[in-house]
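Novice: Under the numbering used here, the letters of the sequence shown match residues 19 to 331, in that order.
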Amino acid sequence: MAKICVVGSVNMDIVTYVNDIPVRGQTVNGKKLVETAGGKGANQAVAVAKQNKDVALIGCIGDDYHGDMLLQRLREYNVDTSKLKQLQDTASGKTSIVVEDSGENFIIYLEGANKKLDKGYVRNTIQAEKNCEVLLVQLESPYDVVLEAMKTAHEQGIKVILDPAPSNHVTDELLQYAHLVLPNEQETREITGITITDEASALTAATIFKQKGIEQGVLKVGATGSYVFDKQDMTFIDAIQVKAIDTVGAGDCFAGAFASAYVDGLSLVEAAKHANIVAALKVTKAGAQDGIPTQKEVKDFCAERNLPCYVTK
Ligand code: RIB
């Protein structure tokens with residue numbers, strides 16, 4: 019039985035690699051186009067599994083060939099897919115993604131089967147997962163379903179980690195059921211109104227999260243690093259310098275790696291440092307799931323860079 023449960027989306031990412039992301043109205047040559055497994059929920063589950071932790075994914079895929087491929091990939095990565103529904107006559111979630119040489123991207127999301135995940139199913143499934151200690155959620159699934167998942171987890175004494183991406187669905191009602199948040203710069207701005215430029219602005223954003231009932235979190239500020247806050251303190255963690263080629267799924271990778279360390283009892287700062295290393299390594303590789311490093315790759319990277327290694331087992 020899984021210690022970490024993820025409720026979330028599963029998508030087939032259709033990715034075109036270009037030199038530079040085109041501007042509106044511009045036509046550019048692509049370098050290659052690939053179909054690769056993604057979806058914020060699935061990526062998070064794979065990140066947990068690649069850190070050798072038991073993880074169950076609760077979500078929906080379609081019965082198209084993309085659905086079959088997505089299911090197969092998740093199984094290969096050792097994600098427990100027994101709670102993943104494959105719906106008849108339904109298209110799987112899909113995205114159209116463009117990634118440029120700098121690794122930056124934009125994403126267009128088509129919900130497909132993800133839209134059909136229902137509240138009752140999610141509630142019953144979480145209630146039945148007796149070993150679940152941490153619930154990881156993001157916001158590509160219907161709002162009321164995510165809310166129900168968080169409420170159910172709360173009732174069961176399960177810690178809820180909210181990765182508020184995409185942040186356009188975040189409400190104060192939702193936030194009250196999160197124990198911990200992992201927003202990036204843009205999500206922090208949308209939720210708190212604060213643009214993080216320095217420690218003082220990070221502190222203000224953290225204070226607003228606390229006023230909304232969240233006492234712990236990691237505010238990610240891209241290539242700069244991240245601010246970890248709890249009731250009393252705030253700690254800055256430097257970003258790890260790497261040559262980024264594909265940032266798709268880096269945030270999901272961070273969330274999954276963070277949850278893996280957190281469930282093992284590492285401190286908030288240690289869990290964030292671990293996630294920082296795993297996500298840094300992810301952006302050096304292509305593919306939202308394929309690019310997520312294994313625990314062995316993380317250990318090797320730490321040794322190579324002389325970084326403290328927080329891998330637990
Ligand atoms: O966070 C990255 C993910 O967002 C991609 O894999 C894509 O599927 C979109 O959902």
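Heads up, the beta-carbon is just placed ideally off N, CA and C, and yes, glycines get one too.
Nearer than 7 angstroms: is that true of the beta carbon of Ala306 relative to any heavy atom of the ligand RIB?
Specialist: On the sequence shown, residue 306 is found 288 positions in, with the first residue counted as 1. Ala306: yes, Cβ under 7 angstroms from the ligand RIB.
Novice: For a test of the three-state rule: what should DSSP assign to Tyr139, helix, strand or coil?
Specialist: What you label residue 139 is simply residue 121 of the sequence shown in a count that begins at 1. Of the three classes helix, strand and coil, the one that applies to Tyr139 here is helix, per DSSP.
Novice: Considering Tyr83, what are the terminal residues of the alpha helix (DSSP H) in which it resides?
Specialist: Numbered from 1 along the sequence shown, position 65 holds the residue referred to as residue 83. From DSSP, the alpha helix (DSSP H) with Tyr83 extends over 83-94.
Novice: Run through DSSP, which three-state label would Glu315 get?
Specialist: In the sequence shown, counting from the first residue as 1, residue 315 sits at position 297. In this structure, Glu315 counts as helix in the three-state DSSP scheme.
Novice: My understanding is that Ile76 touches Cys150, with C-beta atoms under 8 angstroms, so please give their C-beta distance in whole angstroms.
Specialist: Locating residue 76 in the sequence shown gives position 58, where the first residue counts as 1. Locating residue 150 in the sequence shown gives position 132, where the first residue counts as 1. Actually they are not in contact, since the Cβ atoms of Ile76 and Cys150 sit about 10 angstroms apart, beyond 8 angstroms.
Novice: Decide if Pro326 is buried, meaning its Cβ has at least 16 other Cβ atoms within 10 Å, or exposed.
Specialist: Your numbering for residue 326 matches position 308 in the sequence shown. So Pro326 ends up on the exposed side.
Novice: State the Cα-Cα distance for the pair Thr242 and Ile115, rounded to the nearest angstrom.
Specialist: Counted from its first residue, the sequence shown places residue 242 at position 224. Counted from its first residue, the sequence shown places residue 115 at position 97. Between Thr242 and Ile115, the C-alpha separation is close to 24 angstroms.
Novice: By DSSP, does Gln229 sit in helix, in strand, or in coil?
Specialist: Locating residue 229 in the sequence shown gives position 211, where the first residue counts as 1. Three-state DSSP puts Gln229 in a helix.
Novice: Relative to the alpha-carbon of Val188, which residue among Asn324, Leu157, Glu203, Tyr328 has its alpha-carbon at the smallest distance?
Specialist: For this step, residue 188 is matched to residue 170 along the sequence shown. Looking at the Cα atoms, Leu157 is the closest of the given residues.
Novice: Here's a check: name, in chain order, each residue in its chain whose Cβ is nearer than 8 angstroms to the Cβ of Val287, leaving out the five neighbours to either side.
Specialist: One-based indexing of the sequence shown puts residue 287 at position 269. Only Val246, Thr253, Ile255 meet the Cβ criterion.
Novice: Just the Cα atoms here: how many angstroms apart are Asn132 and Val329?
Specialist: In the sequence shown, residue 132 corresponds to position 114, counting from 1. In the sequence shown, residue 329 corresponds to position 311, counting from 1. Roughly 32 angstroms between the two C-alpha positions.
Novice: Tell me the rounded alpha-carbon separation between Val28 and Gly43.
Specialist: Numbered from its first residue, the sequence shown carries residue 28 at position 10. Numbered from its first residue, the sequence shown carries residue 43 at position 25. Looking at the two C-alpha atoms, the distance is approximately 30 angstroms.
Novice: At which residue ranges does the region 173-261 contain complete beta strand (DSSP E) runs of 3 or more residues, listed in the order of the chain?
Specialist: Runs found: 177-180, 234-239, 243-247, 252-256.
Novice: Measuring straight from C-alpha to C-alpha, what distance separates Ala297 and Ala74?
Specialist: Along the sequence shown, read from residue 1 onward, the residue named residue 297 stands at position 279. Along the sequence shown, read from residue 1 onward, the residue named residue 74 stands at position 56. Whole-angstrom Cα-Cα distance: 21 angstroms.
Novice: Considering just the uninterrupted stretch of the alpha helix (DSSP H) at Lys71, what are its terminal residues?
Specialist: Working through the sequence shown from its first residue, we reach residue 71 at position 53. Per DSSP, Lys71 belongs to no alpha helix (DSSP H) and is neither H nor E.
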